[in-house]
Amino acid sequence: MFDWDKHYDDVVATVEVAPVAQQPEPGSRLTRWTGGVKALARRWAMAGAVALCLGAAGFGALMVPPEAPGRWYSAAMGWSAARLGLDDPTMPAELLAYDQAQYDNFRRGITRFSDAELLDFLRVTQRELNGRNVMAAYTQDALFLTEREIERRGLTRPVSSLGDRTRRS
């Protein structure tokens, strides 16, 4: 326990402070100026390097042939065109409402689905397909393309109800 009578001298005792070391004098004005110029040059060099890398990436993107990007990506990345969803560019005749652009977008999007997501999408799409659906033709196209993707992946289809089958036909 602290006692003022016993510890007073310890509390108010003077402490000797060591002298502060002298700072070395800064260099001449020319030395300071060249140091600032070097720091500025380093910053600009880094910004230039970043701009050069971004320009090279942009130029590389411009070199992709617009008529066959799937084949180019396939060759550049070692992926198959089927993995990218670009293996069948011709639209099937069975589609009712999709045009070529919608078919391409759907085909590209569906390849990103995992197997579980794909089967779940099939189940939801079958449930949505009924006589009151204003977008029935588009839903049937989505269902057709989903089933085709399931067959392409070799997945087993979930068992659908008899009502789903009769509504589709």
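Here my numbering = 1-based position in the sequence shown + 140. For every residue, glycine included, the Cβ atom is placed at its ideal position computed from N, Cα and C.
In this structure, D244 is the residue among G294, G188, D244, T171 with its C-alpha nearest to the C-alpha of D281. Contact between F246 and L285 holds, with the beta-carbon distance rounding to 6 Å and staying under 8 Å. Rounded to the nearest angstrom, the gap between the Cα atoms of G249 and V274 is 23 Å. CA-CA distance, L235 to G198, rounds to 37 Å. A straight-line Cα-Cα distance of about 14 Å links F253 and R288.
With a 10 Å radius around the Cβ and a threshold of 16 neighbouring Cβ atoms, Y148 comes out exposed. Of the residues assessed, L258 falls on the buried side of the cut-off, its CB having 16 or more other CB atoms within 10 angstroms. Apart from sequence neighbours up to five positions away, the residues of its chain that approach T279 with a beta-carbon distance below 8 Å are T265, E268, L269, N273, ordered along the chain.
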